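Trainee: So the sequence shown is numbered by my numbering: it starts at 2 and just counts up by one.
Built from N, CA and C at the ideal position, the CB exists for glycine as well.
In this text the structure is predicted, and so the values were computed from the model without any measurement.
Sharing a structure, written as structure tokens. Questions coming.
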Amino acid sequence: MPIKETDREVILTHPTNDTTSVTILKYGATVYSWKLKSEEQLWLSTAAKLDGTKPVRGGIPLVFPVFGKNSTDEYLSKLPQHGLARNSTWEFLGQTKENPPTVQFGLKPEIANPELTKLWPMDFLLILTVELGDDHLKTAIEVENTSNSKELKFNWLFHTYFRIEDIEGTMVSNLAGMKLYDQLLKESYVDKHPVVTFNQETDVIYQNVNPERAIQIVDKGVQIHTLKRYNLPDTVVWNPWVEKSQGMADFEPKTGYQQMICIEPGHVHDFITLAPGKKWNAYQLLCKEELNYQAIQ
Ligand SMILES: O=P(O)(O)OC[C@H]1O[C@@H](O)[C@H](O)[C@@H](O)[C@@H]1O
2 MPIKETDREV
12 ILTHPTNDTT
22 SVTILKYGAT
32 VYSWKLKSEE
42 QLWLSTAAKL
52 DGTKPVRGGI
62 PLVFPVFGKN
72 STDEYLSKLP
82 QHGLARNSTW
92 EFLGQTKENP
102 PTVQFGLKPE
112 IANPELTKLW
122 PMDFLLILTV
132 ELGDDHLKTA
142 IEVENTSNSK
152 ELKFNWLFHT
162 YFRIEDIEGT
172 MVSNLAGMKL
182 YDQLLKESYV
192 DKHPVVTFNQ
202 ETDVIYQNVN
212 PERAIQIVDK
222 GVQIHTLKRY
232 NLPDTVVWNP
242 WVEKSQGMAD
252 FEPKTGYQQM
262 ICIEPGHVHD
272 FITLAPGKKW
282 NAYQLLCKEE
292 LNYQAIQ
């Protein structure tokens, strides 16, 4: 059976390769495991809560309608960091394709976390589509403004935690030449380094990353993850390093920052504004590809 549903989660197994699978928790519609030929591709904290008491520390949490903590918008500023999608239980809508196995999850105010929809009383419908290829994982989102009078203002982001061997031997390519905002230094500048490397806490937002750029995570010269994006102009690169990991109760083991890197495609530098009745779509596609250094234009 390629699709298995339990009260808590949905597991898809690839029909031609049963060692390739994806597991999606209904809480947050959070993908928390993606195995390609038995090898886990995503990082998950050993202290991650999978019982709906806290957003999942690892996998692919979904960030909506606000990235980070907002301080200016009348309603968005009332929401906790990263919004309400990752703290709400989504509805499993079923399978939409046999091969590649594809499923959908939905979220609307009537079923979202009531404590949070009270703070942000907007009309919306989110449909998440998860497609498990034999060589890729695609997560696509559609946001619909279901109000007939009010605009919908939001950010979207896939907070993807990739599993890596060793952060100090890892580099991220094809972001060179892009403008970024450093959330720690509170400064914007153009990244002129040919590749991104890591030796300290990193929390940066690359803006308007050319959609043709495939972002690649490279381990000692070997491509281990490739990330493609549609309609997601910004990319957050985050590693908490030593001190920040110590401060997060659900981040275990404390040395786990060495085995993870978050590369998070989103639309977060500014807000998307949807007129009543309109829809917005985007996706990320995770795969393996030959190393392809895309030079600065
Ligand atoms: O601890 P949280 O809410 O899951 O956030 C984790 C990180 O998420 C990243 O997207 C942000 O850029 C960081 O600033 C933040 O620390």
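Identify which residue in Ile218, Leu26, Asn175, Lys5 has its Cα closest to the Cα of Thr210.
Mentor: Here residue 210 is Val; the residue named in the question, Thr, does not match the sequence. Nearest of Ile218, Leu26, Asn175, Lys5 to Val210, Cα basis: Asn175.
Trainee: Work out the CA separation of Thr103 and Thr140 for me, nearest whole Å.
Mentor: Taking the straight line joining both Cα atoms gives about 10 Å.
Trainee: Compute the distance between the beta-carbons of Phe65 and Ala86, then report whether it is under 8 Å.
Mentor: The answer is yes: Cβ separation under 8 Å.
Trainee: If we ignore side chains and look at the alpha-carbon of each, how far apart do Gln259 and Gly222 end up?
Mentor: About 17 Å.
Trainee: Would you list the one or two residues that DSSP bridges to Asn18?
Mentor: Per DSSP, His15.
Trainee: Taking the beta carbon of Gln247 as the centre, do at least 16 other beta carbons fall within 10 Å, making it buried, or is it exposed?
Mentor: It is exposed - the Cβ of Gln247 has fewer than 16 other Cβ atoms within 10 Å.
Trainee: What is the DSSP secondary structure of Gln208, reduced to helix, strand or coil?
Mentor: In this structure, Gln208 counts as coil in the three-state DSSP scheme.
Trainee: According to DSSP, is Ile112 helix, strand or coil?
Mentor: Ile112: coil per DSSP, three-state reduction.
Trainee: Between which two residues does the alpha helix (DSSP H) carrying Glu244 extend?
Mentor: First-last of the alpha helix (DSSP H) with Glu244: 242 to 247.
Trainee: Does DSSP classify Leu77 as helix, strand or coil?
Mentor: Here Leu77 sits in helix by DSSP.
Trainee: Below 7 Å CB to CB, which residues in the same chain sit around Arg214 once its five sequence neighbours on both sides are set aside?
Mentor: Within the same chain, Arg214 has close Cβ partners Asn175, Gln295.
Trainee: Going by the CB atoms, is the gap between Leu13 and Tyr33 shorter than 8 Å?
Mentor: In this structure, Leu13 does not lie closer than 8 Å to Tyr33 by Cβ.
Trainee: Closer than 8 Å is the cut-off here; do at least three beta carbon pairs connect the segment 14 to 32 with the segment 91 to 101?
Mentor: Yes: at least three Cβ pairs fall under 8 Å.
Trainee: In terms of residues, what are the limits of the beta strand (DSSP E) holding His160?
Mentor: Run containing His160: none; DSSP gives neither H nor E here.
Trainee: Quick check on the DSSP output: the beta strand (DSSP E) that includes Gly1 runs from which residue to which?
Mentor: Residue numbering for the chain in the displayed model covers 2 to 298; residue 1 lies beyond these limits and cannot be assessed.
Trainee: Check the C-beta distance from Lys280 over to Val131 and give it rounded, since I have them as a contact under 8 Å.
Mentor: So it is not a contact: roughly 19 Å between Cβ atoms.
Trainee: Assuming Phe163 contacts Ile273 (C-beta within less than 8 Å), just tell me the rounded distance between them.
Mentor: Not a contact, Cβ separation roughly 25 Å.
Trainee: DSSP three-state label for Glu328, please.
Mentor: In the structure as shown, the chain begins at 2 and stops at 298. Residue 328 is therefore absent and cannot be evaluated.
Trainee: I think Leu287 touches Leu63, with their Cβ atoms under 8 Å apart; what is that distance to the nearest whole Å?
Mentor: That belief does not hold up - the Cβ atoms of Leu287 and Leu63 are roughly 15 Å apart, past 8 Å.
Trainee: Does DSSP put Asn282 in a helix, a strand or coil?
Mentor: Of the three classes helix, strand and coil, the one that applies to Asn282 here is strand, per DSSP.
Trainee: Should Trp44 be listed as close to ligand 1, given that the test is whether its C-beta is under 7 Å from any heavy atom?
Mentor: Not so, every heavy atom of ligand 1 lies at least 7 Å from the Cβ.
Trainee: Would you tell me roughly how many angstroms separate the C-alpha atoms of Val57 and Asp251, rounded to the nearest one?
Mentor: So the two alpha carbons sit approximately 9 Å from each other.
Trainee: Is it true that the segment 87 to 96 meets the segment 28 to 45, where meeting means three or more beta-carbon pairs spaced less than 8 Å apart?
Mentor: With the cut-off at 8 Å, the segment 87 to 96 and the segment 28 to 45 touch.
Trainee: Since Gly178 contacts Ser46 with CB under 8 Å, what's their CB separation in whole angstroms?
Mentor: About 33 Å; that fails the 8 Å criterion.
Trainee: Tell me whether the beta-carbon of Tyr182 lies closer than 8 Å to the beta-carbon of Trp121.
Mentor: Contact flag unset, no.
Trainee: Grab the span of the beta strand (DSSP E) containing Ile4 for me, first residue to last.
Mentor: Counting along the chain, the beta strand (DSSP E) containing Ile4 begins and ends at 4 to 6.
Trainee: CB Ile216 to CB His270, shorter than 8 Å?
Mentor: For Ile216 and His270, no; Cβs fall outside 8 Å.
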